[in-house]
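Sequence lines, in order, name chains P and V. Heads up, the first sequence is in the numbering used here, so the first residue is 364 and it goes up one at a time. Heads up, the second sequence is in the numbering used here, so the first residue is 364 and it goes up one at a time.
Protein chains: 2
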Amino acid sequence: MPVPYNQDVRFARGSPFMLRVGYPSAISAELLRDFPRQVELVSIVDGLDGEIEIEVWIPDPFPTRAMRVWPHLRGVRLVLSLLAGTEWIPAVVGPHVTICNAHGAHNGSTAEWTVAAIFAMLKYFPLYLDIQRAGIWKRRFEAPAHYAAVTGDQHPHYPPVMLEELAGKTVLLVGYGAIGQEIERMLEPFRVQILRVARAARVQPTVYSVTELHALLPRAEIVILILPSTEETRGLIDRAQLALLPQGALLVNAARGPVVNTDALVEALRAGRIRAALDVTDPEPLPEGHPLWSCPNLLLTPHIGASSPQFAPNALRTAAGELRRYLAGEPLRNVVQAAV
Amino acid sequence: MPVPYNQDVRFARGSPFMLRVGYPSAISAELLRDFPRQVELVSIVDGLDGEIEIEVWIPDPFPTRAMRVWPHLRGVRLVLSLLAGTEWIPAVVGPHVTICNAHGAHNGSTAEWTVAAIFAMLKYFPLYLDIQRAGIWKRRFEAPAHYAAVTGDQHPHYPPVMLEELAGKTVLLVGYGAIGQEIERMLEPFRVQILRVARAARVQPTVYSVTELHALLPRAEIVILILPSTEETRGLIDRAQLALLPQGALLVNAARGPVVNTDALVEALRAGRIRAALDVTDPEPLPEGHPLWSCPNLLLTPHIGASSPQFAPNALRTAAGELRRYLAGEPLRNVVQAAV
């Protein structure tokens, strides 16, 4: 027997309800104005007790909260995730539920994080922020040796090199979906050479097959990982792949942590072989005392790449589109698991 | 009577010498290969004793070193600076010497620093680097209050906002010379609205006169300063101008320190009114204990925006062009002071 739930009656609008959609109560009701009129919106509070009967579930973007809610839900046939990555959902909801992601909603913010992370590393901002925190006007050539060593300046420059330019660099883009293409668009003014890799080779533009990755890594001054986390891509970047990178190469992970072997990455960073910028880690969250925290030449952000003010509006607009199609009996656009 | 100097005979090449050009010995001779054959290259060591007779002087890019050398030079008629900013030179060499800057050589690197600094601040990288250094997986909403407070989120978001997007922001570009235009080119993919300001108003594209600055500041979410340091521009951004900026606006100084009133900036930062990213300060270098070091919501780099591996090659290519024109009796291109 369903217990009372926190239903927002402002959304009734006098239409006959056809579809009950549960959403996290923390999301502002303002953002749900684009939802179809036939939808009955069911606000789900964190720490929910009892049971709720809904056909469509919009889970909280924080998986731990969403997982607390799931055991209280009944009748869910469709999950509309607000995120691009949905890897925790199938194991929780099982195979009899259709799962859609928020394809496209976070392309811009994730691509911007990637460009920002590349620039922060090429301009040595972690070094300069450490210097700023110490409050002493110093430059790179006066800084701890590991900063200068990793890029392996072959010819000592005068004046000393205190940052790098993106212009002219060779960028290996591993993953050429919508976000990968958005990153390429954003890199356009910076005159980089882009090498593209995806599961299957393509032409116009040239996209290499991931089976050719080993041949491309030695040319990559910057490697951007922006591919889905699947069983196939788990550990794609391991010891052997890192060893193929040129000295001082920058590895940027804007995808998911398990795409990179963390132990191998820690070794390569500690050895001063490469640099890295990560928005995702494996494990995640990264526990206190994990060796990654103290690796040199690393920028680590706590999986925040898409979390801009545009996050919720964009993702809910995408969800509204799926709801309209669902009500009309049309095929859904962003299905990542079809119910069996 | 000139004393012996450290002359690099590899550059004699059998041509009759017509022009003696002094350059800092620390610059690799490789980089001088494009210089005209009629030039006699005179390598000037740091800590030089005695006198050197040269007609053209390429000063060390570090002003303190260059100023140590000047009293030992005789016969200088032309100074070719490797930098865009030459503000220390006229007072040192006097009015009877022509001074050229390295116009254009550092446009790309300076513009890149500007884009990098904007992104670092919008993505809250200083906050996330502090979190990384502490080694505890936290996000913005769990961070010290001054990080969250400055941007003044009017409507609390869910999920919490952990970075901002550049897309859609209004950018006020103060200075629309070659570097300003390069910055605009680099911002093109990010869908910002650009308001341009220069000394004189222009059309196509619309450039406002600096006299209209007060009317534009209230619209500026990001202000980029990239204008020359002159008596006219000293203190251009003072208390009154900072007070016109919207809450949480980002001030980026890629020009010269004195363009901003430092005391007013410190006040605005401490009050949580605005954010800033500075590659230049006033005074410079910033002394230990200066209040700017500990201001919140600030990224401060020690005047390194142009110091990339391309710095010396680009600047010396520009100098080589001026030398060719000087030898041919043609007008010089980048004169910032004509000899009287």
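The beta-carbon is built from N, C-alpha and C at its ideal position, and this holds for glycine as well. Note that the structure is predicted; figures quoted are calculated from it, not measured.
So for residue 461 of chain P, helix, strand or coil by DSSP?
strand
Does residue 437 of chain P pass the burial test, meaning 16 or more other C-beta atoms within 10 Å, or should it be called exposed?
By the C-beta density criterion, residue 437 of chain P is exposed, having fewer than 16 other C-beta atoms within 10 angstroms.
From residue 528 of chain V to residue 672 of chain P, what does the alpha carbon distance come to, in whole angstroms?
When rounded, the distance between both Cα atoms is 8 Å.
Taking all protein chains shown into account, do 16 or more other C-beta atoms lie within 10 angstroms of the C-beta of residue 520 of chain V, making it buried, or fewer, making it exposed?
It is buried - the Cβ of residue 520 of chain V has at least 16 other Cβ atoms within 10 Å.
Mind checking the stretch 423-450 of chain P against chain V and listing, in chain order, the residues whose C-beta falls within less than 9 Å of any C-beta there?
From the stretch 423-450 of chain P, only 423, 424, 425, 445 have a Cβ closer than 9 Å to chain V.
Against chain V, which members of the stretch 526-550 of chain P pass a CB distance test of less than 7 Å?
526, 527, 528, 529, 530, 548, 549
Could you spell out the range, first to last residue, of the beta strand (DSSP E) harbouring residue 603 of chain P?
It is not in any beta strand (DSSP E) - residue 603 of chain P instead sits in the alpha helix (DSSP H) that spans 602-607.
Near residue 697 of chain P, what residues of its chain come up, given a Cβ to Cβ distance below 6 Å and the 5 sequence neighbours on each side ignored?
463, 464, 466
So with CB distances below 7 Å, who are the chain V contacts of residue 502 of chain P?
Neighbours of residue 502 of chain P on chain V, chain order: 665, 667.
The alpha helix (DSSP H) spanning residue 472 of chain P covers which residue range?
470-485
Give the residues from the stretch 612-623 of chain P that approach chain V closer than 7 Å (Cβ to any Cβ), ordered along the chain.
none
Assuming residue 610 of chain V contacts residue 582 of chain V under a Cβ cut-off of 8 Å, what Cβ separation, rounded to an integer in Å, is found between them?
A Cβ-Cβ separation of about 13 Å leaves residue 610 of chain V out of contact with residue 582 of chain V under the 8 Å criterion.
Give me, in chain order, the residues of the same chain whose beta-carbon lies closer than 7 Å to that of residue 654 of chain P; leave out the 5 immediate sequence neighbours on both sides.
629
Would you please verify whether the beta carbon of residue 524 of chain V is less than 7 Å from any beta carbon of chain P?
Interface residue, yes.
Is the beta carbon of residue 586 of chain P less than 7 Å from the beta carbon of residue 535 of chain P?
yes
To the nearest angstrom, how far is it from the Cα of residue 430 of chain V to the Cα of residue 568 of chain V?
41 Å
So, does the stretch 656-672 of chain P touch the stretch 493-500 of chain P, judging by three or more C-beta pairs under 8 Å?
no
Residue 407 of chain V and residue 445 of chain V look like a contact to me (Cβ under 8 Å); what is the Cβ gap, rounded to whole Å?
So it is not a contact: roughly 13 Å between Cβ atoms.
Where residue 474 of chain P and residue 538 of chain P are concerned, what is the direct C-alpha to C-alpha distance, given to the nearest angstrom?
12 Å
Taking all protein chains shown into account, do 16 or more other C-beta atoms lie within 10 angstroms of the C-beta of residue 577 of chain V, making it buried, or fewer, making it exposed?
exposed
Tell me the DSSP secondary structure of residue 431 of chain V in three-state form.
helix
Just checking my contact of residue 570 of chain V with residue 560 of chain V at CB under 8 Å: how many whole Å lie between their CB atoms?
7 Å between Cβ atoms; contact.
Cα separation between residue 490 of chain P and residue 564 of chain V?
40 Å
Skipping 5 residues on each side, what residues in its chain have a beta carbon closer than 7 Å to that of residue 470 of chain P?
541, 542, 545
Establish whether the CB of residue 508 of chain V and some CB of chain C are separated by less than 7 Å.
Protein chains in the displayed structure are P and V, and chain C is not among them.
Please list the terminal residues of the continuous beta strand (DSSP E) segment that includes residue 700 of chain V.
698-700
Along the chain, where does the alpha helix (DSSP H) that runs through residue 561 of chain V open and close?
Residue 561 of chain V -> not in any alpha helix (DSSP H); beta strand (DSSP E) instead, spanning 556-561.
What number of angstroms, rounded off, separates the C-alpha of residue 695 of chain V from the C-alpha of residue 591 of chain V?
Near 20 Å, if we compare the C-alpha coordinates of residue 591 of chain V and residue 695 of chain V.
Closest to residue 391 of chain P by C-alpha separation, out of V:532, V:523, V:625, would be which residue?
V:523
Can you list the residues of chain V that residue 657 of chain P reaches, using a CB-CB cut of under 8 Å?
Contact annotation for residue 657 of chain P against chain V: 498 [CB-CB distance below 8 Å, chain order].
Taking DSSP as the reference, what is the three-state secondary structure of residue 383 of chain P?
strand
Nearest by alpha-carbon distance to residue 387 of chain V: which of V:400, V:397, V:413, V:432 is it?
V:432
Between the beta-carbon of residue 702 of chain P and the beta-carbon of residue 402 of chain P, is there less than 7 Å?
no
If you draw a straight line from the C-alpha of residue 574 of chain V to the C-alpha of residue 625 of chain V, how long is it?
21 Å
Around the C-beta of residue 409 of chain V, are 16 or more other C-beta atoms found within 10 angstroms, so that it is buried, or is it exposed?
exposed
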